[in-house]
Amino acid sequence: MRLENKVAIITGAASGFGEGMARRFAEEGARVVVADLNAKGAERVAEEIGDNAIWTQTDVSLRSEFDEMVYAAKSAFGRIDIMINNAGYTHRNGDMLGVDEETFDLITAINMKAIYHAALAVVPIMDRQGGGVILTTASTAGIRPRPGLTWYNASKGWAITATKSMAVELAPKNIRVNCLCPVAGETGMLEKFMGADTPEIREKFRASIPLGRLSTPLDIANAALWLASDEAAFITGVALEVDGGRCI
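Following my numbering, the numbering of the sequence shown begins with 653 at its first residue and continues without gaps.
Structure, rendered in structure tokens:
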């Protein structure tokens with residue numbers, strides 16, 4: 653059991669990559685907080701995992717709801733070892749000037765400000781415990797941007813830089829900070845990334861990935877599991893590309 657007796661909070665865990673992480677972490681012995689704005693989905697995932705999971709309805713863009721989520725985790729499990737910033741949002745693929753301000757604000761609040769909220773909420777707890785792990789789902793878009801996703805690309809580049817800076821600052825507290833950079837995957841956000849879900853556009857996306865397929869929740873969950881485990885105890889400040897070779 654690679655995460656035995658560890659407690660992990662995973663945001664955006666009602667579906668997609670987050671759900672994959674929640675299930676995979678629980679398989680390896682972790683107690684999991686399944687957090688999502690989608691209460692019905694979060695409840696479903698937690699109930700299917702069983703006694704080692706609880707769920708919270710959480711809007712990560714709001715500091716008050718983030719604090720309530722952390723309180724629920726501490727009340728249920730007594731500690732927090734792993735914080736996964738996985739909740740994400742994007743605009744539809746298209747002209748950068750066509751993205752309205754409300755959508756832009758949601759992108760920055762969920763993809764960027766939520767990382768700040770997480771740090772404020774869990775770093776003091778991890779410091780008192782003697783260490784911990786913070787892991788963010790960034791994107792290959794922050795390394796090798798795709799046309800039509802400018803503001804999303806920028807938010808993920810920010811997440812990568814924040815990860816590296818946090819890693820340096822928090823290393824003396826024995827808190828490791830890393831991020832994952834997945835390529836486009838079979839999740840609910842895929843159609844927005846592509847602009848339209850057609851066989852032709854899917855093939856265009858696949859053609860940009862040397863291993864010839866999109867990512868899956870299990871691909872990302874396995875990478876997250878390794879970075880969150882003690883097997884990666886000497887790894888911090890890394891933006892791990894889980895992308896089938898797209899960023900080569």
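Here a beta-carbon is modelled for each residue, glycine too, at the ideal position from N, C-alpha and C.
**Report entry** Within 7 Å, strictly: CB atoms of isoleucine 662 and isoleucine 732
**Finding:** Position 10 of the sequence shown holds residue 662. Position 80 of the sequence shown holds residue 732. No Cβ-Cβ contact shorter than 7 Å links isoleucine 662 with isoleucine 732.
Query raised in the report: In this structure, does DSSP put arginine 858 in helix, strand or coil?
Result: Counting from one through the sequence shown, the residue named residue 858 turns up at place 206. The answer is helix: DSSP assigns arginine 858 an H, G or I state.
Query raised in the report: valine 697 to proline 869, Cα distance in whole Å?
Result: Counting from 1 along the sequence shown, the entry for residue 697 is found at position 45. Counting from 1 along the sequence shown, the entry for residue 869 is found at position 217. Approximately 14 Å, taken between the alpha carbons.
**Report entry** Residues that proline 797 bridges to, as DSSP identifies them
**Finding:** As a first step, residue 797 must be located in the sequence shown, where it is residue number 145. Per DSSP, none; premise fails for proline 797.
Query raised in the report: Looking at C-alpha atoms only, which residue of Arg683, Ser713, Glu753, Ala875 is the closest neighbour of lysine 765?
Result: For the purposes of this step, residue 765 is taken as the residue at position 113 of the sequence shown. Answer by Cα proximity: Ser713.
Query raised in the report: Distance, Cα to Cα, methionine 846 vs alanine 725?
Result: Numbered from 1 along the sequence shown, position 194 holds the residue referred to as residue 846. Numbered from 1 along the sequence shown, position 73 holds the residue referred to as residue 725. Spanning the two alpha carbons is a distance of roughly 36 Å.
Query raised in the report: Whose C-alpha, out of Gly681, Thr888, Thr788, Ile861, is nearest the C-alpha of phenylalanine 669?
Result: As a first step, residue 669 must be located in the sequence shown, where it is residue number 17. Here the closest residue by C-alpha is Thr788.
Query raised in the report: Ordered along the chain, which non-local residues of its own chain (more than five positions away) have a Cβ less than 7 Å from that of leucine 822?
Result: The residue labelled residue 822 in the question sits at position 170 within the sequence shown. Val775, Val829.
Report task. Using three-state DSSP, classify asparagine 805 as helix, strand or coil. Result -> Along the sequence shown, one-based indexing puts residue 805 at 153. Asparagine 805 falls in the helix class under three-state DSSP.
Query raised in the report: Out of Val685, Lys844, Leu863, which has the shortest C-alpha to C-alpha gap to threonine 710?
Result: Residue mapping note: residue 710 aligns to position 58 of the sequence shown, counting from 1. Nearest option by C-alpha distance: Val685.
**Report entry** First through last residue of the alpha helix (DSSP H) which encompasses glycine 672
**Finding:** As a position in the sequence shown, residue 672 is number 20, starting the count at 1. Its alpha helix (DSSP H) spans residues 668 to 679.
Query - Secondary structure, beta strand (DSSP E): runs of 3+ residues fully inside the segment 702 to 764 - result: Listed in chain order, they are 705 to 709, 734 to 737.
Query - Outcome for valine 894 when other beta-carbon atoms lying within 10 angstroms are tallied against a minimum of 16 - result: If you number the sequence shown from 1, residue 894 lands on position 242. When all chains shown are included, valine 894 counts as buried.
Query raised in the report: Which value, in whole angstroms, describes the spacing of the CA atoms of isoleucine 759 and alanine 674?
Result: Locating residue 759 in the sequence shown gives position 107, counting from the first residue. Locating residue 674 in the sequence shown gives position 22, counting from the first residue. Going by the C-alpha atoms only, they are around 23 Å apart.
Requested in this report: Could you pull the start and end residues of the beta strand (DSSP E) that isoleucine 887 belongs to?
Outcome: As a working note, residue 887 is residue 235 in the sequence shown. Isoleucine 887: not part of any beta strand (DSSP E); DSSP gives it neither H nor E.
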